[in-house]
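Trainee:
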Amino acid sequence: MNENLLKQHWYIACLSKRLKKRPLAVTILNTPLVLFRTDTGIAALLDKCPHRNAPLSLGKIRQGKIECPYHGWQFDQHGICQRVPGLCQQSTSQTSIVQNFRAIEKQDFIWVCLDNESITQPTLAFHLNSPDFNSFIWHTQVQASLANALENLLDGSHTHFVHAGLIRHDNKRQTLTAQVHHLDNGVEVHYTNEGKQSGLISQWFETGRESSYGRFIMPSIAEIEYRAKDGISLIISAYFTPMTKTLQNIHAIISIRKGKIPGWIQGLAISPFLYLALRQDKKILEAQQNNIHRFQSESFLDSKVDLIGTHIRQRLQGKKMHQRDETPVTVAF
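Note that full-length UniProt numbering has the sequence shown beginning at 1, numbered continuously upward.
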């Protein structure tokens, strides 16, 4: 991965409701941060007091400033020291001595960007607050690399085995057409001539399907979109926040088109099945990561049904594709 490239983008640090009156410790791209609320917004500082290296996240908020738990030094949202207890005359310096980062609150989330010079903006989920959908949010973590975790969500060929019976059956495959489209900010696979999947989730909860998309959006969003005759029926946008190279913090927004059944009943009915699929994916991803660690390396051998993983890895390394559309292929999913 190109870490300098990844730092130019915004990541979900936490749900808004998790950041209350106390500071909160989070880690993004191996960078320990402390988040806290001020009168003007959200502050994000490096989680280390420059005085004696204590974690600021264990401190308290005093009138919009964070107070170190060790000696009581206070810092504002810019990382400028505003108080050193015991000094008869406080410094008037406006120099930041704790590194600060951009943070904003949008769509029920706290977002952070580690590159203060970046001109990017958070990629929001259009369906989260849409009146056309019932939406709910899941949060979890998984031990896996960013590329492997993203590929897992968008890969159809593993579902016959990891999710056998739940999403698909190996002996009940359907032939469909898949075409890779390169986007300015990612890549997607468009599946056409597609019906409902053979597993329980699709059979019980989908009324019909004509096509679907598996979409990767830089730097760390995996999106699945199912379409019926009247438009999008289900969309899942999973926002991956890389804490370390092998630990991902995930916020998944699951939106179902509104119908005759109330949203809370829809969520109550489908959640156990989606949660089971999530546990199955976590189990195989963590087994994969443990095996990569055991062999101290990873290697990949692709077939024609591995449609998106290579493109994800290339984009995360900073490579851009000049070809917009690839030749459609026929696959049996």
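We put the beta carbon where it would ideally sit given N, CA and C, even for glycine.
#1: Give the secondary structure of K196 by DSSP, where H, G and I count as helix, E and B as strand, and everything else as coil.
#2: Using the rule of at least 16 other Cβ atoms within 10 Å of the residue's Cβ for burial, across every protein chain shown, is E188 buried or exposed?
#3: Can you list, in chain order, the residues of its chain with a C-beta nearer than 7 Å to that of T192? Leave out the 5 residues immediately preceding and following it.
#4: I'd like the span of the beta strand (DSSP E) that includes R62, first residue to last.
#5: Got a sec, what are the start and stop residues for the beta strand (DSSP E) V305 sits in?
#6: Would you kindly work out how many angstroms separate the C-alpha atoms of L124 and R173, rounded to a whole number?
#7: What is the DSSP secondary structure of D281, reduced to helix, strand or coil?
#8: Between the segment 91–100 and the segment 221–228, do three or more beta carbon pairs fall short of 8 Å?
#9: If you run the structure through DSSP and keep just helix, strand and coil, what is Q266?
#10: Quick one: any contact between the segment 17–36 and the segment 227–244, if contact means 3 or more CB pairs under 8 Å?
#11: Since I137 and H251 should fall inside the 8 Å C-beta cutoff, what is the C-beta to C-beta distance between them, to a whole number of angstroms?
#12: Which of helix, strand or coil does DSSP assign to S93?
#13: Could you check where the alpha helix (DSSP H) with H181 kicks off and where it finishes?
#14: DSSP state of R315, grouped into three classes?
#15: Among S130, A147, L166, L6, which one has its Cα closest to the Cα of T31?
#16: With a threshold of 16 other CB atoms inside 10 Å of the CB of P219, please say whether the residue is buried or exposed.
#17: Does the Cβ-Cβ distance between Q296 and H182 come in under 9 Å?
#18: When you compare only the Cα positions, how much space is there between G199 and D184?
#19: Among the residues of its own chain, which have a CB less than 6 Å from the CB of P85, if the five just before and after it don't count?
#20: Ends of the alpha helix (DSSP H) at T244?
#21: Where does W10 land, buried or exposed, given buried means 16+ other C-beta within 10 angstroms?
#22: Give a yes or no on contact between the segment 125–132 and the segment 160–172, applying the rule of three or more CB pairs nearer than 8 Å.
#23: Decide if N171 is buried, meaning its Cβ has at least 16 other Cβ atoms within 10 Å, or exposed.
#24: Does P328 pass the burial test, meaning 16 or more other C-beta atoms within 10 Å, or should it be called exposed?
#25: For W111, does the count of other Cβ atoms within 10 angstroms reach 16, so buried, or fall short, so exposed?
#26: Quick one: what's got a C-beta closer than 6 Å to N148's C-beta in the same chain, skipping five residues either side?
Mentor: Taking the geometry as given:
#1: For the purposes of this step, residue 196 is identified with residue 196 of the sequence shown, where counting begins at 1. Coil at K196, not helix or strand.
#2: By 1-based counting over the sequence shown, the position of residue 188 is 188. Flag for E188 reads buried.
#3: Position 192 of the sequence shown, counted from the start, is the residue given in the question as residue 192. L176, T177, S211, listed in sequence order.
#4: Position 62 of the sequence shown holds residue 62. Run containing R62: 60–62, per the beta strand (DSSP E) assignment.
#5: The count along the sequence shown starts at 1 and reaches residue 305 at position 305. For V305, no beta strand (DSSP E) encloses it, and the DSSP letter there is neither H nor E.
#6: Counting from one through the sequence shown, the residue named residue 124 turns up at place 124. Counting from one through the sequence shown, the residue named residue 173 turns up at place 173. Going by the C-alpha atoms only, they are around 34 Å apart.
#7: For the purposes of this step, residue 281 is taken as residue 281 along the sequence shown, with counting starting at 1. In this structure, D281 counts as helix in the three-state DSSP scheme.
#8: Segment contact: the segment 91–100 against the segment 221–228, fewer than three CB-CB distances shorter than 8 Å; contact not assigned.
#9: Residue mapping note: residue 266 aligns to position 266 of the sequence shown, counting from 1. Three-state result, Q266: helix.
#10: By the C-beta criterion, the segment 17–36 is judged to be in contact with the segment 227–244, since at least 3 inter-stretch pairs fall below 8 Å.
#11: Position 137 of the sequence shown holds residue 137. Position 251 of the sequence shown holds residue 251. At roughly 6 Å, the Cβ-Cβ gap stays under 8 Å, so I137 and H251 are in contact.
#12: Taking the first residue of the sequence shown as position 1, residue 93 is located at position 93. Of the three classes helix, strand and coil, the one that applies to S93 here is coil, per DSSP.
#13: Translated into positions along the sequence shown, residue 181 becomes position 181. From DSSP, H181 is part of no alpha helix (DSSP H) but of the beta strand (DSSP E) over 175–183.
#14: Along the sequence shown, one-based indexing puts residue 315 at 315. Under the three-state reduction of DSSP output, R315 falls in the helix class.
#15: Position 31 of the sequence shown, counted from the start, is the residue given in the question as residue 31. Of the listed residues, the one whose Cα sits closest to T31 is L6.
#16: Within the sequence shown, numbered from 1, the residue matching residue 219 stands at position 219. By the 10 Å Cβ count, P219 comes out buried.
#17: For the purposes of this step, residue 296 is identified with residue 296 of the sequence shown, where counting begins at 1. For the purposes of this step, residue 182 is identified with residue 182 of the sequence shown, where counting begins at 1. No. Outside cutoff.
#18: The sequence position of residue 199 within the sequence shown is 199, counting from 1. The sequence position of residue 184 within the sequence shown is 184, counting from 1. So the two alpha carbons sit approximately 34 Å from each other.
#19: The residue you call residue 85 lines up with position 85 of the sequence shown. If we look at P85 and ignore the five residues flanking it on each side, its Cβ neighbours are G72.
#20: As a working mapping, residue 244 is identified with position 244 in the sequence shown. If you look at T244, you'll find it isn't in any alpha helix (DSSP H); it sits in the beta strand (DSSP E) that goes 231–244.
#21: The residue you call residue 10 lines up with position 10 of the sequence shown. W10 sits buried, since 16 or more C-beta atoms from the chains shown fall within 10 Å of its C-beta.
#22: Output reads no: the segment 160–172 does not touch the segment 125–132.
#23: Locating residue 171 in the sequence shown gives position 171, where the first residue counts as 1. N171 is exposed by the Cβ-count criterion.
#24: Here the question's residue 328 lines up with position 328 in the sequence shown. With fewer than 16 other Cβ atoms within 10 Å, it is exposed.
#25: Translated into positions along the sequence shown, residue 111 becomes position 111. By the 10 Å Cβ count, W111 comes out buried.
#26: As a position in the sequence shown, residue 148 is number 148, starting the count at 1. If we look at N148 and ignore the five residues flanking it on each side, it has no Cβ neighbours.
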